Amino acid sequence: MMSVLRFIMLVVLFSYSCALLAAILHAFDHWGIMDIPEIDFERYFSFFKWPAIVLGAGLILLNTPIGDFLIGLCLPTRRQALREEAKITPALDELKERYKDKYGLSIKPKAYVMDLPNINGIAFGSRVVAVSSGLLKTASDEELTAILAHEIGHLHHRDGFFNVALMVAAYPTFVLSMFLSYLYFITWLIGAVLMLIFAPLVLALSLGGLLVIGIHFLLEKILMWPVEYKADRFAADMGFAPALISLFERIEDEDVRGEEGFLAKYAYTHPPTALRIDKLERYLMKEEKICT
Numbered sequence: 001m002m003s004v005l006r007f008i009m010l011v012v013l014f015s016y017s018c019a020l021l022a023a024i025l026h027a028f029d030h031w032g033i034m035d036i037p038e039i040d041f042e043r044y045f046s047f048f049k050w051p052a053i054v055l056g057a058g059l060i061l062l063n064t065p066i067g068d069f070l071i072g073l074c075l076p077t078r079r080q081a082l083r084e085e086a087k088i089t090p091a092l093d094e095l096k097e098r099y100k101d102k103y104g105l106s107i108k109p110k111a112y113v114m115d116l117p118n119i120n121g122i123a124f125g126s127r128v129v130a131v132s133s134g135l136l137k138t139a140s141d142e143e144l145t146a147i148l149a150h151e152i153g154h155l156h157h158r159d160g161f162f163n164v165a166l167m168v169a170a171y172p173t174f175v176l177s178m179f180l181s182y183l184y185f186i187t188w189l190i191g192a193v194l195m196l197i198f199a200p201l202v203l204a205l206s207l208g209g210l211l212v213i214g215i216h217f218l219l220e221k222i223l224m225w226p227v228e229y230k231a232d233r234f235a236a237d238m239g240f241a242p243a244l245i246s247l248f249e250r251i252e253d254e255d256v257r258g259e260e261g262f263l264a265k266y267a268y269t270h271p272p273t274a275l276r277i278d279k280l281e282r283y284l285m286k287e288e289k290i291c292t
């Protein structure tokens, strides 16, 4: 269900961004046309293909090693030192083996390190995982493998790809909608001039884009927790529920949340640690009942 919702949102954002960019190209091509009935829609749709080609190529690029490299440039990651490699490599080797046994497929994640004091891990692109130096110093070998299993769960479910793809697809709509909407309302005079330049179609699409971005932002926040629970479940299915619980119990006191207000709890990207422990414990209880 989550994958379907994210795919639909990706298609909507991609289409809307292409429509808005095509409208701007059309407006410049038909300088000063004011009435929507006068808009040459056949000409407008001929402009649609160029933004679609550029954005489509960008989304395809994200699913390649080049995309992984470009995303990595935006994150505080670095290659592993020898001591770190000595801890991470055996964990990844074990996970590769278990993954192949369970799914009959090979996975080749590439691991990096983040110089952060807190316990953290991320997955991005098509095959990249990263763990914090704080995690490497604190976690046992089993706990490190469990966290890496969680991050590989994100890769397995293509969470990293969807997150970046949605951001790329939404970027033109977000920037242009905010920019044009802001300019329209600076003064009546500037708004009138821009109407002459950009025409009603661009105005309608840019204002509608704010609504689309708002819905996307809300859905993204609401889906964050289920995505994390699903990655926890993946690690549990790989046999690392006890190790995850052990690590979560040690960091539970650090999970302090003080946000208040409507949907304030979704300001956090991860669900409360206590609830993650609870779901893992329920998973273990269910497994025990099945075994008995």
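Numbering (my numbering), first residue to last: 1 to 292. From the three backbone atoms N, C-alpha and C, an ideal C-beta is built for every residue, glycine too. Model, not experiment: these values are computed from the prediction.
Check                                                                                                                        : Outcome
Alpha carbon of I152 to alpha carbon of A22, nearest angstrom                                                                : 38 angstroms
Endpoints, beta strand (DSSP E) assigned at I122                                                                             : 121–124
From L5, R127, L59, A19, residue whose alpha carbon lies closest to that of R43                                              : A19
Spatial neighbours of P172 in its chain, beta-carbon cut-off 7 angstroms, leaving aside the 5 residues before and after      : S17, L20, L21
Span separating the alpha-carbon of E220 from that of L75                                                                    : 20 angstroms
Distance CB(A243)-CB(A165) smaller than 8 angstroms                                                                          : no
Three-state class that DSSP yields for M285 in the structure shown                                                           : helix
P117 and G134 closer than 8 angstroms at C-beta                                                                              : yes
Classification of P90 by the beta-carbon crowding that lies within 10 angstroms, buried from 16 upward                       : exposed
Residue nearest to E94 in terms of C-alpha spacing, selected from P51, L144, S126                                            : L144
Nonlocal neighbours in the same chain, by C-beta distance under 8 angstroms from L92, ignoring five residues either side     : P109, A111, L148
Straight-line Cα distance separating F234 from F47                                                                           : 44 angstroms
Residue span of the beta strand (DSSP E) that contains S140, given as start and end                                          : Here S140 belongs to no beta strand (DSSP E), and DSSP marks it neither H nor E.
C-beta atoms of A86 and V113 nearer than 8 angstroms                                                                         : no
Contact belief for G125 with G56 at Cβ below 8 angstroms, rounded distance in angstroms                                      : Wrong, their Cβ atoms sit about 18 angstroms apart, outside the cutoff.
Integer-rounded CB distance, given that L62 should sit under 8 angstroms from F161                                           : 7 angstroms
Where A170 falls, given that 16 or more other Cβ within 10 Å makes a residue buried                                          : buried
Residues of its chain near V12, where Cβ-Cβ distance is below 7 angstroms and the 5 sequence neighbours each way are ignored : V212
Separation of H270 from M224, as counted between CA atoms                                                                    : 7 angstroms
Cα-Cα separation between S3 and H156, rounded to whole angstroms                                                             : 12 angstroms
K87 (DSSP reduced to helix, strand or coil)                                                                                  : helix
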